[in-house]
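In the numbering used here, the protein residues as written are 2 to 141. The structure appears below as structure tokens.
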Amino acid sequence: MLTGHWEHFSHEADMGVRGTGASLDQAFEQAALALTAVVTDPALVTPEKIIRLTCNAPDVELLLVDWLNALIYEMATRKMLFSRFEVRLKGKHLSATAWGEVLDVARHHPAVEVKGATYTALKVAQQADGDWLAQCVVDV
Numbered sequence: 002m003l004t005g006h007w008e009h010f011s012h013e014a015d016m017g018v019r020g021t022g023a024s025l026d027q028a029f030e031q032a033a034l035a036l037t038a039v040v041t042d043p044a045l046v047t048p049e050k051i052i053r054l055t056c057n058a059p060d061v062e063l064l065l066v067d068w069l070n071a072l073i074y075e076m077a078t079r080k081m082l083f084s085r086f087e088v089r090l091k092g093k094h095l096s097a098t099a100w101g102e103v104l105d106v107a108r109h110h111p112a113v114e115v116k117g118a119t120y121t122a123l124k125v126a127q128q129a130d131g132d133w134l135a136q137c138v139v140d141v
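Structure follows, in structure tokens:
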């Protein structure tokens, strides 16, 4: 069983976020870490405050976009960054816990502000090796 990982992929002026994992839940968690990493190094973010989120969508691809947009909304309105995620998917419903802290510009050195997750390069699928992939482009 592989552990999950995240990565970025370039897309014109925006940034692609990609999460992979042994489960769909883990792929969504890793995509969220990739989202944080667009802004700052997730290792700099202390997981001291907890927020809970829920999303519903017609399919898992739209659910990924809704999940990332919910995080982007929380980042903007709470002025927080997140470094740990626990996602539970049941059909078309996502419930999640995110751990993070209030943004500290001097410590986190935010690179950009993410404006939103898009449908560009949107893909959620199980790969040939059994791992799950969850990706899309975010507008920065």
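Positions of the beta carbon are idealized from the N, C-alpha and C atoms, including for glycine. On a predicted model such as this, the values are computed, not experimentally measured, just so you know.
Within its own chain, the residues whose Cβ lies closer than 8 Å to the Cβ of Lys124, once the five positions on either side in sequence are excluded, are Glu62, Leu134, Ala135, Gln136 and Cys137, listed in chain order.
When secondary structure is reduced to three states using DSSP, Gln127 falls in the strand class.
Every beta strand (DSSP E) of 3 residues or more that sits fully in the stretch 43-108 is shown, in chain order, as 50-57, 81-91 and 94-103. Contact between Leu64 and Ala99 does not hold, since the beta-carbon distance rounds to 16 Å and is not under 8 Å.
Taking the C-beta atoms as reference points, Gly17 is found no nearer than 8 Å to His6. Counting the other Cβ atoms within 10 Å of the Cβ of Ile73 gives 16 or more, which makes it buried. With a cutoff of 8 Å on beta-carbon distance, Glu87 and Ala97 are scored as near each other.
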